[in-house]
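Residue numbers (our numbering): 11 to 90.
Glycine residues also receive a C-beta, built at the ideal position from the N, C-alpha and C atoms.
Below is one structure; the comments refer to it alone.
This is the structure:
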């Protein structure tokens, strides 16, 4: 939920002061009214720099998408 713009209070986002102390990524970049955002989008953006992401908090669904690629629906059947 912290990826969504404007949901600071309900998602308990870090403050501007806390963000100034160290780099935070993937906060406030999705408009909740215009764009649909999926776990596949999250995984792709988290891994697109070829660096190990450090994830603090969040739901298991999104964390597991980083750990086990098999959990994602790629649209290609492995049984063909």
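The alpha helix (DSSP H) enclosing residue i, as first and last residue numbers
{"i": "residue 64", "result": "From DSSP, residue 64 is part of no alpha helix (DSSP H); its letter is neither H nor E."}
{"i": "residue 1", "result": "It is not possible to answer for residue 1, since the shown part of the chain is limited to 11 through 90."}
{"i": "residue 14", "result": "Counting along the chain, residue 14 falls outside any alpha helix (DSSP H), and DSSP gives it neither H nor E."}
{"i": "residue 70", "result": "70–77"}
Between the CA atoms of residue j and residue i - distance to the nearest angstrom
{"i": "residue 17", "j": "residue 23", "result": "8 Å"}
{"i": "residue 29", "j": "residue 38", "result": "12 Å"}
Any C-beta of chain B under 9 Å from that of residue i
{"i": "residue 65", "result": "In the displayed structure, chain B is absent; only one protein chain is listed."}
Under the three-state DSSP convention, the category residue i falls into
{"i": "residue 50", "result": "helix"}
Close beta carbons around residue i, own chain, < 7 Å, minus the five adjacent residues each side
{"i": "residue 35", "result": "none"}
{"i": "residue 72", "result": "49, 52"}
Proximal residues to residue i (C-beta, below 8 Å), its chain only, five neighbours per side dropped
{"i": "residue 42", "result": "14, 15, 16, 17"}
Distance cut-off 8 Å: residue i Cβ against heavy atoms of the ligand FAD
{"i": "residue 41", "result": "This structure lacks the ligand FAD, and indeed carries no ligand of any kind."}
Proximal residues to residue i (C-beta, below 6 Å), its chain only, five neighbours per side dropped
{"i": "residue 63", "result": "56"}
{"i": "residue 45", "result": "none"}
{"i": "residue 40", "result": "13, 14, 47"}
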